[in-house]
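Participant:
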Amino acid sequence: MGHLIMKDISFSYLNGFSLRQVSLMVEEGEMVALLGPNGSGKTTLIKLAAGVLNPERGEVLLGEARLRKLSRKEIARRVAVVPQSFNIPFAFTVAEVVMLGRTPFINTLSGEGERDRSIARRAMELTGIEQFSKRTFNELSGGERQKSILAMALAQEPKLILLDEPTAHLDINHQVEILELVKGLNREQGVTVLGAMHDLNLAALYFDRLVLLKEGAIFAQGPPAAVLTEKTIYDVFGATVHIQQHPSAEVPHIVILPKENNPR
Amino acid sequence: MKSRKKIALILVLLAAVLFGAMLLATAIGAVHIAPLDILKMTLNKLHLAHFDPTWRAVEEAIVFQVRLPCVVGAALVGAALATAGSLFQGLLRNPLADPYLIGTSSGALFGLTIAMIFLPATLSFSGFGITSIAAFLGALGAVFLVYTLARIGGRTHVVTLILAGVAVSFLLTAISWFLLDVMGELHWKAGAIYGFLWGQITAVDWSQIAVLAPIIFVGIILATFFAFRVNAFSLGEEGAAYLGINVERDKVLLLGIGALLTACAVCIAGLIGFVGLVIPHIIRLAFGPDNRLVLPASALAGASFLVLADLLARTILAPTVLKLGILTALIGGPVFLYLLLRYRREYAF
Numbered sequence: 046m047g048h049l050i051m052k053d054i055s056f057s058y059l060n061g062f063s064l065r066q067v068s069l070m071v072e073e074g075e076m077v078a079l080l081g082p083n084g085s086g087k088t089t090l091i092k093l094a095a096g097v098l099n100p101e102r103g104e105v106l107l108g109e110a111r112l113r114k115l116s117r118k119e120i121a122r123r124v125a126v127v128p129q130s131f132n133i134p135f136a137f138t139v140a141e142v143v144m145l146g147r148t149p150f151i152n153t154l155s156g157e158g159e160r161d162r163s164i165a166r167r168a169m170e171l172t173g174i175e176q177f178s179k180r181t182f183n184e185l186s187g188g189e190r191q192k193s194i195l196a197m198a199l200a201q202e203p204k205l206i207l208l209d210e211p212t213a214h215l216d217i218n219h220q221v222e223i224l225e226l227v228k229g230l231n232r233e234q235g236v237t238v239l240g241a242m243h244d245l246n247l248a249a250l251y252f253d254r255l256v257l258l259k260e261g262a263i264f265a266q267g268p269p270a271a272v273l274t275e276k277t278i279y280d281v282f283g284a285t286v287h288i289q290q291h292p293s294a295e296v297p298h299i300v301i302l303p304k305e306n307n308p309r
Numbered sequence: 004m005k006s007r008k009k010i011a012l013i014l015v016l017l018a019a020v021l022f023g024a025m026l027l028a029t030a031i032g033a034v035h036i037a038p039l040d041i042l043k044m045t046l047n048k049l050h051l052a053h054f055d056p057t058w059r060a061v062e063e064a065i066v067f068q069v070r071l072p073c074v075v076g077a078a079l080v081g082a083a084l085a086t087a088g089s090l091f092q093g094l095l096r097n098p099l100a101d102p103y104l105i106g107t108s109s110g111a112l113f114g115l116t117i118a119m120i121f122l123p124a125t126l127s128f129s130g131f132g133i134t135s136i137a138a139f140l141g142a143l144g145a146v147f148l149v150y151t152l153a154r155i156g157g158r159t160h161v162v163t164l165i166l167a168g169v170a171v172s173f174l175l176t177a178i179s180w181f182l183l184d185v186m187g188e189l190h191w192k193a194g195a196i197y198g199f200l201w202g203q204i205t206a207v208d209w210s211q212i213a214v215l216a217p218i219i220f221v222g223i224i225l226a227t228f229f230a231f232r233v234n235a236f237s238l239g240e241e242g243a244a245y246l247g248i249n250v251e252r253d254k255v256l257l258l259g260i261g262a263l264l265t266a267c268a269v270c271i272a273g274l275i276g277f278v279g280l281v282i283p284h285i286i287r288l289a290f291g292p293d294n295r296l297v298l299p300a301s302a303l304a305g306a307s308f309l310v311l312a313d314l315l316a317r318t319i320l321a322p323t324v325l326k327l328g329i330l331t332a333l334i335g336g337p338v339f340l341y342l343l344l345r346y347r348r349e350y351a352f
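Those sequence lines, one after another, are chains A and B. The numbering used here puts the first residue of the first sequence at 46, with every later residue one more than the last. The numbering used here puts the first residue of the second sequence at 4, with every later residue one more than the last.
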């Protein structure tokens, strides 16, 4: 039985884009990446899995529970989402932002308790942000912010973490740092991960299984070596690439080839 | 995150400031009354003590029938506006939001206009003149209209809400002035309209306070209870939803509380600018943006601010009473500018 099951999902926006009968299963403890060009449906699938969009047809199951039957609070106690970034208009400190992750557990009358504080502290330790916990979130670098958002997600004690292009605006060192952190959580805490990813090579390095989307449907899925081939990448992205073996890991590495009329 | 003890200490201090401000404002006027006497006669009145009067009967009448209702009224208006302002700023993620942003002010003006033109001025209900009631209903009606207009496919987006608020405000304001002008009411009732537009706390009596104080108290307490949800809204609506917030339901609830508080304030005092905008900012700069502190602290600070502003309005050019809104703008504007220049970095986002 999978941890997240999306069964025959159909969804369309007013602007005409639609997902057509997508089925996807993520096993407990698995780390799965959604890949595809802009507008292929990655983010839409993440939002459907998070329950902020509802499918027109089909069903999303979270463990044994139907997502549709769960309240927002019940979903937030099981699923955390890490988006590209958050823009926070006031000067909240990092510790305050991380504590926001406890929102689905906080009782309106009693407020946050010692347990909430210790969970938030642990989340900051795991992501290595304790040293700037008192700084203002808005003053941090992109990488530090993203680690804080990851810590906030961890404070939700989720079974499933959904990533929506979490490294899109980051320098390469921070991209690696974030994915190392997520991979560590996946390995050590058994957190299930489904992530929309932009960078194919990073996805191949850190995720167990890749799902390649094209125009709102699944084009290919499987282990990195099976999904990332010169043919699939040409078919889905229209880009000509050369696939090499990664020098240190058992995964493919994509080398971009310039168009033929523009050789160096 | 501030500890509970620290939050409680800050609130107690602000409450003490409010108490002092109210005492001062009750003591000062054409006839000065000793603060100690005021305390004693109040305790007597509440049957909490029995002091022998060291004051004249006329002084007691001035305190209980003239000054105290106005001082309490000013405190209620200040608390309501500052709470509504911080609620709207947090919920709409807009530091420029004030309690009048989503239609309340123009709705109140519209209600007032209709009442002035079409209803007999002598009508009143439980101590409220018909124009106050019409302003109250107009304020709530306009917010409802704005909210309904901004609702698309079961969702109300914040930007749409603000834009609809601006559009409805312009429209209702224009219609109101048109009616006042064409129907000739503008000349006859210029004083009352002017008083409404720039705010004044004059004809407040205990029966009005008895009705509005409970609503304002409950509104502020509810807002404070839901403050952690307002915090979650800082991440935007989608971010709030990821944290388990039922976004559409809570938005209606919190906007409703803010609109009700604003309408109560309008009902007592007309339109008073800057309290709802500036006080929450000052509180955030002093104590940080956690709404669990910002909301109740703004209420107390807003109350103190307006009590003192009303005292100044009554005294600096006595016997002329300045319009309260003019005074709050004259104080609030420069204070806001000073904060902006001094803490520019905090506002860079």
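Glycine residues also receive a C-beta, built at the ideal position from the N, C-alpha and C atoms.
Taking 8 Å as the cut-off, decide whether the C-beta atoms of Gly88 of chain B and Leu280 of chain B are in contact.
Facilitator: Within the second sequence, residue 88 of chain B is the residue found at index 85, counting from 1. Within the second sequence, residue 280 of chain B is the residue found at index 277, counting from 1. Result yes, Cβ atoms of Gly88 of chain B and Leu280 of chain B sit closer than 8 Å.
Participant: By the DSSP assignment, the beta strand (DSSP E) with Gln289 of chain A in it spans what residues?
Facilitator: Position 244 of the first sequence, counted from the start, is the residue given in the question as residue 289 of chain A. Element bounds for Gln289 of chain A: 286-290.
Participant: Check for me: the alpha helix (DSSP H) holding Leu301 of chain A runs from which residue to which?
Facilitator: Mapped onto the first sequence, residue 301 of chain A falls at position 256. The amino acid occupying residue 301 of chain A in the given sequence is Ile; Leu does not appear at that position. Premise fails: Ile301 of chain A lies in the beta strand (DSSP E), 297-301, not in any alpha helix (DSSP H).
Participant: Report the three-state DSSP secondary structure of Thr125 of chain B (helix, strand or coil).
Facilitator: Translated into the one-based positions of the second sequence, residue 125 of chain B becomes position 122. In the structure shown, Thr125 of chain B adopts coil according to DSSP, grouped into three states.
Participant: In chain order, which beta strand (DSSP E) runs of at least 3 residues are fully inside the region 47-105 of chain A?
Facilitator: 49-57, 63-71, 76-80
Participant: Does the region 116-126 of chain B touch the region 76-88 of chain B, meaning 3 or more C-beta pairs lie closer than 8 Å?
Facilitator: no
Participant: Among the candidates B:Leu42, B:Gly130, B:Phe277, whose CA atom is the shortest distance from the CA of Ala28 of chain B?
Facilitator: For this step, residue 28 of chain B is matched to residue 25 along the second sequence. The option with the nearest alpha carbon to Ala28 of chain B is B:Leu42.
Participant: Ignore the nearest five residues each way along the sequence and tell me which others in Leu238 of chain B's own chain have a CB closer than 8 Å to its CB.
Facilitator: If you number the second sequence from 1, residue 238 of chain B lands on position 235. Taken in chain order, the residues that qualify are Tyr245, Leu246.
Participant: Once DSSP output is grouped into helix, strand and coil, what is the label at Leu288 of chain B?
Facilitator: The residue you call residue 288 of chain B lines up with position 285 of the second sequence. Judged by DSSP in its simplified three-state form, Leu288 of chain B adopts helix.
Participant: Check whether the region 129-139 of chain A and the region 172-181 of chain A touch, using three or more Cβ-Cβ pairs below 8 Å as the test.
Facilitator: yes
Participant: For Arg345 of chain B, would you say it is in contact with chain A, using Cβ-to-Cβ distances shorter than 8 Å as the test?
Facilitator: Here residue 345 of chain B corresponds to residue number 342 of the second sequence, with the count starting at 1. Output row for Arg345 of chain B: interface = no.
Participant: For Gly188 of chain A and Val281 of chain A, I'd like the C-alpha separation in whole angstroms.
Facilitator: In the first sequence, the residue the question calls residue 188 of chain A occupies position 143. In the first sequence, the residue the question calls residue 281 of chain A occupies position 236. If you take the alpha carbons of Gly188 of chain A and Val281 of chain A, they lie about 30 Å apart.
Participant: At a Cβ cut of 8 Å, what residues of the region 307-324 of chain B count as close to chain A, listed as they run along the chain?
Facilitator: none
Participant: Are the CB atoms of Thr331 of chain B and Ala302 of chain B within a distance shorter than 8 Å?
Facilitator: As a working mapping, residue 302 of chain B is identified with position 299 in the second sequence. As a working mapping, residue 331 of chain B is identified with position 328 in the second sequence. Against a cut-off of 8 Å, the Cβ pair of Thr331 of chain B and Ala302 of chain B comes out as no contact.
Participant: Can you tell me the Cα-Cα spacing of Phe252 of chain A and Lys254 of chain B, whole angstroms?
Facilitator: Translated into the one-based positions of the first sequence, residue 252 of chain A becomes position 207. Translated into the one-based positions of the second sequence, residue 254 of chain B becomes position 251. Near 38 Å, if we compare the C-alpha coordinates of Lys254 of chain B and Phe252 of chain A.
Participant: I'd like the list of long-range same chain contacts for Gly86 of chain A, defined as Cβ closer than 6 Å, with 5 residues on each side in sequence excluded.
Facilitator: Counting from 1 along the first sequence, the entry for residue 86 of chain A is found at position 41. Contacts found: Leu64, Leu258, Gly261.
Participant: What residues in the region 152-176 of chain A bring their beta carbon closer than 9 Å to a beta carbon of chain B?
Facilitator: Thr153, Leu154, Gly156, Glu157, Arg162, Ala165
Participant: Should Asn18 of chain A be labelled buried (16 or more other beta-carbon atoms within 10 Å of its own) or exposed?
Facilitator: Outside the shown range of chain A (46 to 309) lies residue 18 of chain A, about which nothing can therefore be said.
Participant: Check the C-beta distance from Ala304 of chain B over to Ile285 of chain B and give it rounded, since I have them as a contact under 8 Å.
Facilitator: Residue mapping note: residue 304 of chain B aligns to position 301 of the second sequence, counting from 1. Residue mapping note: residue 285 of chain B aligns to position 282 of the second sequence, counting from 1. Sure, about 7 Å apart at Cβ, within 8 Å.
Participant: If we cut at 8 Å on Cβ distances, does Ile248 of chain B have a partner in chain A?
Facilitator: Taking the first residue of the second sequence as position 1, residue 248 of chain B is located at position 245. Cβ-Cβ to chain A under 8 Å: yes for Ile248 of chain B.
Participant: Let me confirm a value: Met46 of chain A is counted as buried when at least 16 other C-beta atoms fall within 10 Å, else exposed. Which label applies?
Facilitator: Here residue 46 of chain A refers to the residue found at position 1 of the first sequence. Its pLDDT being 44, under 50, Met46 of chain A is placed unreliably by the model, and nothing is read from it.
Participant: Please report how far the alpha carbon of Arg102 of chain A lies from the alpha carbon of Lys276 of chain A, in whole angstroms.
Facilitator: For the purposes of this step, residue 102 of chain A is identified with residue 57 of the first sequence, where counting begins at 1. For the purposes of this step, residue 276 of chain A is identified with residue 231 of the first sequence, where counting begins at 1. Approximately 32 Å between the Cα atoms of the pair.
Participant: For Ile319 of chain B and Val20 of chain B, I'd like the C-alpha separation in whole angstroms.
Facilitator: Your numbering for residue 319 of chain B matches position 316 in the second sequence. Your numbering for residue 20 of chain B matches position 17 in the second sequence. The straight-line gap from Cα to Cα measures roughly 21 Å.
Participant: Which residue wins for smallest C-alpha separation from Thr323 of chain B, given the options B:Gly32, B:Ile65, B:Leu164, B:Glu63?
Facilitator: Position 320 of the second sequence, counting from 1, holds the residue named residue 323 of chain B. When only C-alpha atoms are compared, the closest one is B:Gly32.
Participant: Counting only the same chain and skipping the five closest in sequence on each side, list residues whose C-beta sits under 7 Å from that of Gly168 of chain B.
Facilitator: Here residue 168 of chain B corresponds to residue number 165 of the second sequence, with the count starting at 1. Correct list, in chain order: Leu104, Ile105, Gly106, Val149.
Participant: Along the chain, where does the alpha helix (DSSP H) that runs through Asp313 of chain B open and close?
Facilitator: Within the second sequence, the letter at position 310 stands for residue 313 of chain B. Taken as a continuous stretch (DSSP letters only), the alpha helix (DSSP H) holding Asp313 of chain B covers 294-318.
Participant: Cα separation between Ile334 of chain B and Pro283 of chain B?
Facilitator: Start at 1 with the first residue of the second sequence, and residue 334 of chain B comes out as number 331. Start at 1 with the first residue of the second sequence, and residue 283 of chain B comes out as number 280. Between the alpha carbons of Ile334 of chain B and Pro283 of chain B lies a distance of about 15 Å.
Participant: Between Glu251 of chain B and chain A, is any beta-carbon pair separated by less than 8 Å?
Facilitator: Start at 1 with the first residue of the second sequence, and residue 251 of chain B comes out as number 248. By this cut-off, Glu251 of chain B is not an interface position.
Participant: Helix or strand or just coil, what does DSSP make of Phe131 of chain A?
Facilitator: Start at 1 with the first residue of the first sequence, and residue 131 of chain A comes out as number 86. Note: Phe131 of chain A maps to coil in three-state DSSP.
Participant: Please decide whether Arg117 of chain A counts as near chain B, where near means a Cβ-Cβ distance under 8 Å.
Facilitator: Taking the first residue of the first sequence as 1, we reach residue 117 of chain A at position 72. Interface residue, yes.
Participant: Using the DSSP secondary-structure output, state which residues sit across from Asn152 of chain A in a beta bridge.
Facilitator: Counted from its first residue, the first sequence places residue 152 of chain A at position 107. BP columns for Asn152 of chain A point to A:Gly156.
Participant: By alpha-carbon positions, which one of A:Met76, A:Leu59, A:Gly240 ends up nearest to Ala95 of chain A?
Facilitator: The sequence position of residue 95 of chain A within the first sequence is 50, counting from 1. Of the candidates A:Met76, A:Leu59, A:Gly240, the one whose C-alpha sits nearest the C-alpha of Ala95 of chain A is A:Gly240.
Participant: Does the Cβ-Cβ distance between Ala262 of chain B and Val146 of chain B come in under 8 Å?
Facilitator: On the second sequence, position 259 is the one that residue 262 of chain B refers to. On the second sequence, position 143 is the one that residue 146 of chain B refers to. The answer is yes: Cβ separation under 8 Å.
Participant: Any C-beta of chain B sitting closer than 8 Å to the C-beta of Val296 of chain A?
Facilitator: Against the first sequence, residue 296 of chain A aligns to sequence position 251. Chain B, which has no Cβ nearer than 8 Å to the Cβ of Val296 of chain A, makes this no.
Participant: With 8 Å set as the bound, which would you pick, yes or no: does the beta-carbon of Glu210 of chain A sit closer than that to a beta-carbon of chain B?
Facilitator: For the purposes of this step, residue 210 of chain A is taken as residue 165 along the first sequence, with counting starting at 1. Answer no: the Cβ-Cβ gap between Glu210 of chain A and chain B never drops below 8 Å.
Participant: Applying the criterion that 16 or more other CB atoms from any shown protein chain within 10 Å of the CB defines a buried residue, is His48 of chain A buried or exposed?
Facilitator: As a position in the first sequence, residue 48 of chain A is number 3, starting the count at 1. So His48 of chain A ends up on the buried side.
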